[in-house]
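Quick note: the sequence shown uses the working numbering, first residue 836, plus one each step.
The beta carbon of each residue, even a glycine, is placed where N, CA and C say it ideally should be.
See below for the structure under consideration.
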Amino acid sequence: MRGLARRLAGGSWLVGTLVFLSWPGSAAAGAESYRMSAHLDPEARKVLGTAEITWLNSSTAPVADLQFHLYFNAWRNSQSSFLTAAERWIRAGGRRLPEDWGGIDVTRISVRSLDPPDPRGGIRSSQDLTAETEFIQPDDGNPYDKTVWRVLLQRAVQPGERLQIDLEFETKVPRTFARTGFRGDYFFLAHWFPKLGVLEYDGTWNCHQFVQTEFFSDFSRYDVKLTVPSGWIVGATGREVERRQEGGQTRVGGDEFDQRVGRVLPDGLPRLQARFA
836 MRGLARRLAG GSWLVGTLVF LSWPGSAAAG AESYRMSAHL DPEARKVLGT
886 AEITWLNSST APVADLQFHL YFNAWRNSQS SFLTAAERWI RAGGRRLPED
936 WGGIDVTRIS VRSLDPPDPR GGIRSSQDLT AETEFIQPDD GNPYDKTVWR
986 VLLQRAVQPG ERLQIDLEFE TKVPRTFART GFRGDYFFLA HWFPKLGVLE
1036 YDGTWNCHQF VQTEFFSDFS RYDVKLTVPS GWIVGATGRE VERRQEGGQT
1086 RVGGDEFDQR VGRVLPDGLP RLQARFA
C-alpha cells in the first residue's frame, strides 16, 4: 500500500491507497496488529515512538529470531546499499549535508508469549532482548547497510504461538529524497517505524534489504496516535476515531493497512488531538 495525497481547498488533504495482495507463499496474518504512539519533534526532525505488535508464528516450523525492516536507515550513511546505487547518488547531487541524513534507532525491545506455556518450549515471560540484536545483509553482504535488523530469541516461538513485541524507537527524518523526508515545515513520513518482515510457511524470513525493491509486508491492523505541534495539519491513511483539544497537540492513527503513510505540515489551526483506527 502506498499513500497518495493532494491538498484541497481549505487546507484539507485527500489520501488514496493502492493495495497489493500478499504473495501466495507467505504465511497468513503474521504481524496481526500494531498499536503505536509517536511524537513528531520538527526542530530535531525526529519521531519518538513506542509500538506494541501482536505477531503470530503461522508457519510450520519453530522460529528462533525476528527480522525487521528499518527503511530509514537507507539514509544513515553514504555507503548504504540504497545510496550506493550510482544513478540514485548522481540524482542526489553526489553529496549531502550533515543535517540531511536520517535513520531509525530501536532503543528497547522486549517480547512475551500471549499463549499458555507450551511443554515443547517457548517464550513464557517478558524478555528484554535489546542486547540480542544485529544488522544483517541477506541480499548483498554490504556491512554498511543497516536496513534489516535481526532479534535473536532466547527460545524458539512454536507454530501457532503468538507474541507481544514491545518497542521503543527514534526515527530521524532525512531531507526529502526518493519519496520520504522533510522540506522546511513539511514532513512526508512513509515506513517511519520498525516493521516486521514476512514469515514464509516453512519458517524462513522474507525480509530484504532496502536496495531496489517494493515493500512486501503482512496486512495488519493499526491503531496509531501521532502527536504534532499546535496548528499543524496531519493527513494519513486510516479512519479517524478520535480528535480532541489538548494543550497543543494533534493525534492521528489508523488500521487495516500494511504500512503507515502520513503527511504533516503547519497551518493556522488550534492545537488538537485526533486518533485514527
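Pairwise C-alpha distance: residue j and residue i
| i | j | result |
| --- | --- | --- |
| Thr-1006 | Ala-873 | 10 Å |
| Ala-899 | Ser-1052 | 19 Å |
| Asn-908 | Leu-1002 | 17 Å |
| Leu-901 | Asp-980 | 18 Å |
| Asp-876 | Ala-966 | 27 Å |
| Tyr-1036 | Gly-995 | 12 Å |
| Gly-1016 | Thr-1062 | 17 Å |
| Gly-1073 | Val-1059 | 9 Å |
| Cys-1042 | Ser-961 | 25 Å |
| Gln-972 | Ala-1071 | 31 Å |
| Leu-918 | Val-1008 | 16 Å |
Neighbour flag for residue i against chain D, beta carbons, 8 Å
| i | result |
| --- | --- |
| Leu-918 | The structure shown has no chain D; it contains just one protein chain. |
Three-state secondary structure assigned by DSSP to residue i
| i | result |
| --- | --- |
| Phe-1114 | Examination of residue 1114 is not possible in this model, given that the chain is present from 836 through 1112 alone. |
| Arg-842 | Note that Arg-842 scores 32 on pLDDT, short of 50, meaning its location in the model is unreliable and no value can be drawn from it. |
| Trp-1027 | coil |
| Leu-1061 | strand |
| Pro-859 | In this predicted model, Pro-859 has a pLDDT of only 40, less than 50, meaning its place in the structure is not dependable; the value taken from the coordinates is given anyway. Three-state DSSP puts Pro-859 in coil, outside helix and strand. |
Identity of the residue in the options nearest residue i by Cα
| i | options | result |
| --- | --- | --- |
| Tyr-806 | Asp-940, Glu-934, Leu-891, Val-1063 | Limits of the chain in this structure are 836 at one end and 1112 at the other, which puts residue 806 out of reach. |
| Asn-892 | Val-946, Thr-968, Arg-997 | Arg-997 |
| Ile-1000 | Arg-990, Leu-964, Ala-896, Glu-1035 | Leu-964 |
| Ala-866 | Ala-879, Gln-962, His-904 | His-904 |
| Arg-1056 | Gly-884, Thr-982, Thr-889, Val-882 | Thr-889 |
| Leu-801 | Val-1033, Thr-1011, Leu-1031 | Any question about residue 801 goes unanswered here, given that the chain covers just 836 to 1112. |
| Gln-1044 | Phe-1028, Gly-976, Tyr-1021 | Gly-976 |
| Arg-943 | Glu-1075, Asp-935, Leu-949, Thr-968 | Thr-968 |
| Val-986 | Lys-1030, Trp-936, Glu-878 | Lys-1030 |
| Gly-884 | Glu-878, Thr-895, Tyr-869 | Tyr-869 |
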